[in-house]
Amino acid sequence: MSKVTVIEHPLIHHKMAILRDKHTGSKSFREVVNELALLVAYEVTRDFPLVETEIETPITTGTFKVLANEKVAVIPVLRAGLGMVDGILSIIPNAKLGHIGLYRNHDTLLPTEYYCKLPDDIAERVCIIMDPMLATGNTTNEAIRMVKERGGKDIRFVCLLAAPQGIEAVHREHPDVDIYIANVDGKLNEHGYIVPGLGDAGDRLFGTK
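Position one of the sequence shown corresponds to residue 33 (this note's numbering), numbered consecutively onward.
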């Protein structure tokens, strides 16, 4: 069974409160999403295996630990997931970048695919799928299915805000995928939006309505 990690850290709570504030403009919203993605990335990579290697420092030669596998694929779900890319790439700069395009039908709440481009060697990479919001879980489940269909095996999902219904939906559909979350809210409203939430992350990132 997959694990759910809700990251308890004072900086994360503080920055999430800034995102929730309706008076936070697009520029500040983008900056804070980027900062949160960086903070969450530390937790997502916590269990990455290490190997020892010999390195010559300016003083002497020693044996030190480095990542055993630097093959990572960072995969934002368009469009809101784009706001998290730079934060994660800032600490995993050698990662390859994929993109998944899905939009949610506001009547059925079901996702529709319009784009998917992933690294050719996706099966060899740790796949980090990113979307700021995990609401009903429908979009997340479809994104995970698309990565699996193209060969992805070690898949992790990262979001900033989730509802219990979405977490349960991903658990049920993809029990092998670990979930990393900055904050969890109480419920969804009748339109499938997280309450109290932070509004539409894509619109707030890019200044659209």
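Ideal Cβ placement from N, Cα and C applies to all residues, glycine included.
Check your understanding: Taking just the CA atoms, how far does P42 sit from G221?
Key -> Position check: residue 221 holds Asn in this sequence, whereas Gly was assumed. Approximately 28 Å between the Cα atoms of the pair.
Review point. Hey, quick one: how far does the beta strand (DSSP E) through R78 stretch, first residue to last?
Key: Run containing R78: none; DSSP gives neither H nor E here.
Review point. If you draw a straight line from the alpha carbon of V76 to that of E40, how long is it in whole angstroms?
Key: 13 Å
Review point. Are the Cβ atoms of S58 and L237 separated by less than 8 Å?
Key: yes
**Study point:** Status (buried if at least 16 other CB within 10 Å, exposed otherwise) for K23
**Key:** Residue 23 falls outside the range modelled here, since the chain spans only 33 to 241, and no answer is possible.
Exercise for review: Pull up the DSSP beta-bridge partners for R136, would you.
Suggested key: P143
Review point. Among residues of its own chain, excluding the 5 on either side of L82, which ones have a beta-carbon nearer than 8 Å to its beta-carbon?
Key: K97, V98, L99 and A100
Review point. Taking 7 Å as the cut-off, is the CB of Y212 close to at least one heavy atom of the ligand ZN?
Key: The ligand content of the structure shown is nil, which means the ligand ZN is not present either.
Practice item. Report buried or exposed for T92, applying the criterion of at least 16 other Cβ atoms within 10 angstroms of its Cβ. Key: exposed
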